[in-house]
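Chains as they are written, first to last, in my numbering: chain A, 18 to 136; chain B, 18 to 136.
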């Protein structure tokens, strides 16, 4: 199964999912599956969020909290649920505010090792 | 009910909660209830995280995703679940990695307006 199929399966499994991306921690997107229009430029936002994740990772490591493993950022219009696949890559699902966050979190947890095996 | 009592009630209601804080977006803590030792300097980490949240808020607003409403940051040793009370303040619960994130998220959602009423 390629990256795209994994991203597609995550989207299919999560109610309210707009898209799922595999991103590099350098802000460059590896692949993306879009299921529905979010009405927000999710892609540009994720690129900017990558810088924020790098800062969060540095803060966590500086305070001996261990490596960053997962994150959620919820705005009035969007919920981004992410999980690190490796120190260099992460998966992120964009949902509507009423989307199933728990299911997204679960599916990313199971999908991350499968994606890692293909990186 | 004062701030401290609200923080205490959130901690009591969440399995695996270490502490709950009311923080200013300027990184200054208003009040905190500690239920158990996290083995991590949660307080210093939160101060640093505040800067990261401000960046996340700016990114969300810049991309028309609306205001930042809630966030989660999970490391190997800690899960921080937060919700904005107002543009200037947020509540954050620190949990162990196996803590009940869903319950924390729910309790912050109900507690935030109560805390706001007292600010």
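Cβ coordinates follow ideal geometry from the N, Cα and C atoms, glycine included.
query: With 16 as the cutoff for other CB atoms within 10 Å, does residue 73 of chain A come out buried or exposed?
result: By the 10 Å Cβ count, residue 73 of chain A comes out buried.
field: Below-8 angstroms beta-carbon distance, residue 67 of chain B vs any chain A residue
entry: No, residue 67 of chain B lies away from the interface with chain A (no Cβ there is under 8 angstroms from its Cβ).
field: Alpha carbon of residue 94 of chain A to alpha carbon of residue 87 of chain B, nearest angstrom
entry: So the two alpha carbons sit approximately 12 angstroms from each other.
message: Against chain A, does residue 93 of chain B count as a neighbour if the rule is that its beta carbon must be under 8 angstroms from one of theirs?
response: Closer than 8 angstroms to the CB of residue 93 of chain B there is at least one CB belonging to chain A.
message: Run through chain B and tell me which residues come within less than 8 angstroms of residue 88 of chain A, C-beta to C-beta.
response: Those within 8 angstroms of residue 88 of chain A in chain B are 88, 89, 90, 91.
message: Residues in the same chain with beta-carbon distance under 6 angstroms from residue 97 of chain B, minus the five sequence neighbours each way, listed in chain order, please.
response: If we look at residue 97 of chain B and ignore the five residues flanking it on each side, its Cβ neighbours are 90, 109, 111.
- prompt: With DSSP run on the structure shown, which of helix, strand or coil describes residue 19 of chain B?
  reply: Three-state DSSP puts residue 19 of chain B in coil, outside helix and strand.
- prompt: Closest to residue 129 of chain B by CA distance: which of B:82, B:115, B:105 is it?
  reply: When each option's Cα is compared against that of residue 129 of chain B, the closest is B:105.
Residues, ordered as in the chain, of the region 39 to 62 of chain B that lie near chain A by beta-carbon distance below 7 angstroms: Within the region 39 to 62 of chain B, the residues whose Cβ lies closer than 7 angstroms to some Cβ of chain A are 57, 58, 61, 62, listed in chain order.
message: For a test of the three-state rule: what should DSSP assign to residue 97 of chain B, helix, strand or coil?
response: Correct three-state label for residue 97 of chain B: strand.
- prompt: Taking Cβ positions, are residue 80 of chain A and residue 61 of chain B nearer each other than 8 angstroms?
  reply: The criterion of a C-beta distance shorter than 8 angstroms is satisfied by residue 80 of chain A and residue 61 of chain B.
- prompt: If you draw a straight line from the alpha carbon of residue 58 of chain A to that of residue 107 of chain B, how long is it in whole angstroms?
  reply: A direct Cα-Cα distance of roughly 26 angstroms separates residue 58 of chain A from residue 107 of chain B.
query: Does the beta-carbon of residue 127 of chain B have 16 or more other beta-carbons within 10 angstroms, so that it is buried, or is it exposed?
result: Looking at its Cβ environment, which holds fewer than 16 other Cβ atoms inside 10 Å, residue 127 of chain B is exposed.
message: One question on the structure: do residue 121 of chain A and residue 92 of chain B come within less than 8 angstroms of each other, judged by their Cβ atoms?
response: In this structure, residue 92 of chain B does not lie closer than 8 angstroms to residue 121 of chain A by Cβ.
message: Between residue 119 of chain A and chain B, is any beta-carbon pair separated by less than 8 angstroms?
response: By this cut-off, residue 119 of chain A is an interface position.
field: Through-space distance from residue 41 of chain B to residue 25 of chain B, alpha-carbon basis
entry: Counting only the Cα atoms, residue 41 of chain B lies some 18 angstroms from residue 25 of chain B.
In DSSP terms, what residue 36 of chain A is bridged to: Beta-bridge pairing links residue 36 of chain A to A:51, A:111.
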